[in-house]
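Asker: Here it is: the structure, laid out below.
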DNA sequence: GTGCATATGTAGCGAGTGCTACATATGCTT
DNA sequence: AAGCATATGTAGCACTCGCTACATATGCAC
């Protein structure tokens with residue numbers, strides 16, 4: 001009885017999107033091979049076969065996710081330049097609150113936690129992602145900003161602080177904080 | 187052969203400091219009963235006996251740690267009031283970078299990550315801790331501050347953003363951001 | 001056809017997980 | 001002394017973990 005049903009012929013590339021989806025939903029820490037394999041329609045056996053070991057698999061998936069995130073960033077903000085710093089911050093915060101961004105946010109804080117805990121690889125991953133975000137933010141600064149480089153760093157600090165406060169149920173605190181900053185003309 | 191060696195007569199209260207120590211070192215997520223028990227000089231069997239289940243144990247330990255942190259906060263900053271907002275921020279950031287604070291920081295980001303992931307209990311815990319920190323920060327504002335309530339929220343956002351950037355290897359970015367803020371008189 | 005590299009299924013290993021069953025030991029109350 | 005609530009040790013259960021051993025199946029080169 002020959003099995004002629006189908007030979008999906010899977011590969012790293014074909015697996016990565018499904019694995020990324022699962023990681024975004026369930027996180028890095030709780031991810032174990034067998035559920036990942038089921039999500040990707042294969043077996044733990046094959047995940048190890050393709051990626052060598054779990055750590056390499058997670059590294060590859062993270063890289064894949066970073067690519068998706070970059071694209072989402074550019075697509076999410078309109079292409080007309082912000083006029084004021086306040087407007088710039090508001091737009092990015094609004095985008096960060098989008099439901100579609102939630103899985104990325106959850107994953108991001110998990111990476112931050114790993115970096116703080118000193119888990120090998122996490123700090124490096126977080127550092128490069130943050131560097132990329134900073135570079136992107138510089139391009140989003142108002143065209144007539146007197147100090148786009150320093151300003152981007154200032155806004156990044158405010159944005160990340162606001163996002164964190166939002167995550168822990170203090171979105172209102174962050175909003176009131178921004179109102180008391182120099183971004184809001186009295 | 188009677189065993190007269192010693193009867194440690196343990197209790198929740200006597201276990202909590204040792205458990206807290208272990209959690210601060212190794213994190214919440216990776217904590218499992220047997221290593222915790224070894225750290226506390228007892229058995230997994232007795233941890234369940236005293237706390238009922240693992241979740242309750244972690245809840246109790248977290249509460250214990252929050253108490254320690256509160257005390258460390260007050261002790262860490264000198265008792266003379268800051269004169270400027272900039273000074274206020276600088277002092278708190280300096281304290282957050284102290285080696286002794288590192289375990290608390292790592293635990294904090296783990297809680298934030300759990301809150302972002304929606305793990306039951308984490309958001310509530312984080313929210314109340316942050317509320318307490320905000321209240322404390324209001325008392326640390328300069329005496330002549332024109333808007334201590336809004337200002338505390340503004341500074342909290344900047345501080346948490348700076349701490350996060352520091353964790354991911356972007357302490358310099360945060361520093362330059364603060365230099366470009368209204369806290370640094372040009 | 002005959003090898004041979006690539007790909008996949010089945011079974012399992014040794015370690016660790018939270019938690020429980022059962023047997024005691026201890027010290028207080030009556 | 002008897003009974004009883006509190007406390008503790010020993011063993012183990014049913015499960016998951018990352019990973020491996022072994023057996024194949026497939027398709028291509030010669």
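Protein chains in written order, with my numbering: chain W, 1 to 186; chain E, 187 to 372. From the three backbone atoms N, C-alpha and C, an ideal C-beta is built for every residue, glycine too. Quick caveat, the model's predicted, so the values are computed rather than measured.
Could you pull the start and end residues of the alpha helix (DSSP H) that residue 267 (chain E) belongs to?
Answerer: No alpha helix (DSSP H) contains residue 267 (chain E), which DSSP labels as neither H nor E.
Asker: Please list the partners that residue 24 (chain W) has in chain E, where partner means a Cβ-to-Cβ separation under 7 Å.
Answerer: Near residue 24 (chain W) there are no residues of chain E at all, since even the closest Cβ is about 11 Å away, more than 7 Å.
Asker: For residue 200 (chain E), which of helix, strand or coil comes out of DSSP?
Answerer: Note: residue 200 (chain E) maps to helix in three-state DSSP.
Asker: If we define contact as Cβ-Cβ less than 8 Å, is residue 143 (chain W) a contact residue for chain E?
Answerer: No, residue 143 (chain W) does not count as interfacial toward chain E.
Asker: Give the DSSP-derived three-state secondary structure of residue 378 (chain E) in the structure shown.
Answerer: No information on residue 378 (chain E) is available, as it lies outside the stretch 187 to 372 that chain E covers here.
Asker: Can the beta-carbon of residue 72 (chain W) be found less than 8 Å from the beta-carbon of residue 295 (chain E)?
Answerer: Contact flag unset, no.
Asker: Closer than 8 Å, CB to CB, is residue 168 (chain W) near chain E or not?
Answerer: Output row for residue 168 (chain W): interface = yes.
Asker: Just tell me which of E:326, E:306, E:249 and E:273 has its CA closest to the CA of residue 290 (chain E).
Answerer: For the residues E:326, E:306, E:249 and E:273, the minimum Cα distance to residue 290 (chain E) belongs to E:249.
Asker: Contact between the stretch 136-153 of chain W and the stretch 75-95 of chain W is defined here as three or more beta-carbon pairs at a separation below 8 Å; is this criterion met?
Answerer: These segments touch.
Asker: What are the complete alpha helix (DSSP H) segments, minimum 4 residues, inside the stretch 78-129 of chain W?
Answerer: List check, alpha helix (DSSP H) in window: 85-97 and 102-117.
Asker: Return the residues of the stretch 339-352 of chain E that lie within a Cβ-Cβ distance of less than 8 Å from chain W, sorted by chain order.
Answerer: Going along the stretch 339-352 of chain E in chain order, one finds 339, 340, 341, 342, 343, 344, 345, 346, 347, 348, 350 and 351 with a Cβ nearer than 8 Å to chain W.
Asker: Could you tell me which whole alpha helix (DSSP H) segments of length 4 or greater appear in the stretch 46-77 of chain W?
Answerer: Counting whole runs of 4 or more residues, the stretch 46-77 of chain W contains the alpha helix (DSSP H) stretches 54-76.
Asker: Closer than 8 Å, CB to CB, is residue 333 (chain E) near chain W or not?
Answerer: It does; some Cβ of chain W falls within 8 Å.
Asker: Any C-beta of chain W within less than 8 Å: which residues of the stretch 355-368 of chain E qualify?
Answerer: Listed by position, the residues of the stretch 355-368 of chain E near chain W (Cβ gap below 8 Å) are 355, 356, 359, 360, 362, 363, 364, 365, 366, 367 and 368.
Asker: Can you say whether residue 122 (chain W) is buried or exposed, counting buried as having 16 or more other CB atoms within 10 angstroms of its CB?
Answerer: Classification for residue 122 (chain W): buried.
Asker: Mind checking which residues open and close the alpha helix (DSSP H) that includes residue 335 (chain E)?
Answerer: Its alpha helix (DSSP H) spans residues 334-353.
Asker: Compare the Cα-Cα distances from residue 359 (chain E) to each of W:152, W:34 and W:27 and report the closest residue.
Answerer: Out of W:152, W:34 and W:27, W:152 has the C-alpha closest to the C-alpha of residue 359 (chain E).
Asker: Residue 233 (chain E) and residue 222 (chain E) - do their beta-carbons sit closer together than 8 Å?
Answerer: Yes, the pair counts as a contact, with Cβ atoms nearer than the cut-off.
Asker: Assign residue 124 (chain W) to buried or exposed, taking buried as 16 or more other Cβ atoms, counted over all protein chains shown, within 10 Å of its Cβ.
Answerer: Classification of residue 124 (chain W): exposed, given that the 10 Å Cβ count is below 16.
Asker: Please name the residue in E:341, E:241, E:306 and E:215 whose C-alpha comes closest to that of residue 319 (chain E).
Answerer: Comparing Cα positions, the closest option is E:341.
Asker: Please confirm if residue 322 (chain E) has its CB atom under 8 Å from at least one CB of chain W.
Answerer: Judged by the 8 Å Cβ criterion, residue 322 (chain E) is not in contact with chain W.
Asker: Measure from the C-beta of residue 121 (chain W) to each C-beta in chain E and report whether the shortest distance is under 8 Å.
Answerer: False, the Cβ-Cβ gap to chain E never drops below 8 Å.
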